[in-house]
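To keep things clear, I will list the structure first and then write my remarks on it.
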Amino acid sequence: MSKLNKDDLPEWHRYFAATANNRAWELSTQERTAAQDQEMLNAAHASAYHWSSVGTELHQMRATMLLAEVHALLGFGRSAYSFAEDMRAFFTSQETPDWELAFTHTIHAHASHVNGAMEEYARSFAEAERAIESIADDEDRAIVLQTFNLVPKP
């Protein structure tokens, strides 16, 4: 077995961050078994770990967004809401693409609902609806709707 060259570590971190991210998002929008729930949780945390090693603040906040959604899906209200608050503060404080802003409000609504923060949930749900309507690209809107449709309706 050959030794890993330390100069290659950033490339490996990026590879595993993206691969774990994609797997967690894929699992998040489908029906899952208990084993797949665990895989989704592990993949989301693995992605966050690897992005924390080599990612920009944007990568890290996208990983936080994923953590918020995964924790919400699994019913972990307190942690989902904490992650959602962090990522919402980041994405709403700067210029953000329309699809990403819609994800921000959608996931914040989901995490708020699971955490029992019903006023925040109602506000974020309404903001998500408005943001989704404002997405210019139909394909981007369809992708966001996969996640939005998992959020309980008021």
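Residues in the sequence shown are numbered consecutively from 900, following this note's numbering. Backbone N, C-alpha and C fix where the C-beta goes; we use that ideal spot for every residue, glycine too.
Minimum C-alpha distance to residue i - residue among the options
i	options	result
Ala962	Ala919, Glu925, Gly1015 and Glu1038	Ala919
Ala916	Met964, His944 and Asp936	His944
Gly954	Asn904, Leu973, Lys1052 and Leu908	Leu908
Phe1024	Gln959, Gly1015 and Ser1011	Ser1011
Glu1019	Met960, Pro1053, Phe1047 and Thr995	Pro1053
Met1036	Asn1048, Phe1047, Thr1046 and Pro996	Note that residue 1036 corresponds to Asp in the displayed sequence, not to Met. For the residues Asn1048, Phe1047, Thr1046 and Pro996, the minimum Cα distance to Asp1036 belongs to Pro996.
Asn1048	Gln935, Asn904, Asp906 and Gln929	Gln929
Cutoff 6 Å; reference residue i; Cβ partners in own chain excluding five residues on either side
i	result
Ala942	Ala919, Arg922 and Ala923
Phe989	Met960
Ala1008	Tyr1020, Ser1023, Phe1024, Ala1027 and Val1050
Asp1039	Trp998
Gln935	Leu926
Thr1046	Thr1005
Ala847	Any question about residue 847 goes unanswered here, given that the chain covers just 900 to 1053.
Arg1029	none
His949	His912, Phe915 and Ala916
Ala1041	none
Cutoff 7 Å; reference residue i; Cβ partners in own chain excluding five residues on either side
i	result
Val1043	Trp998, Ala1001, Phe1002, Thr1005, Ile1031 and Ile1034
Leu940	Val969 and Leu973
Ser951	Gln959
Arg913	Val953
Gly976	Val1013, Asn1014 and Gly1015
Contact belief for residue i with residue j at Cβ below 8 Å, rounded distance in angstroms
i	j	result
Glu938	Leu926	6 Å
Ala967	Ala983	4 Å
Met964	Met986	4 Å
Sequence-distant residues of its chain with Cβ nearer than 8 Å to residue i (five each side left out)
i	result
Lys905	none
Thr932	none
Thr991	Leu1000 and Thr1003
Glu910	none
Below-7 Å beta-carbon distance, residue i vs any chain C residue
i	result
Pro909	Judged by its chain identifiers, the structure shown contains no chain C, having just a single protein chain.
Item to check | alpha helix (DSSP H) runs wholly inside the stretch 1027-1052, at least 4 long, in chain order | outcome: Along the length of the stretch 1027-1052, whole alpha helix (DSSP H) runs at least 4 residues long occupy 1037-1047, reported in chain order.
Next on the checklist: Threshold first: 4 residues or longer. Then list the alpha helix (DSSP H) segments lying entirely within the stretch 913-969, N to C.
Outcome noted: Qualifying alpha helix (DSSP H) stretches, in chain order: 933-953.
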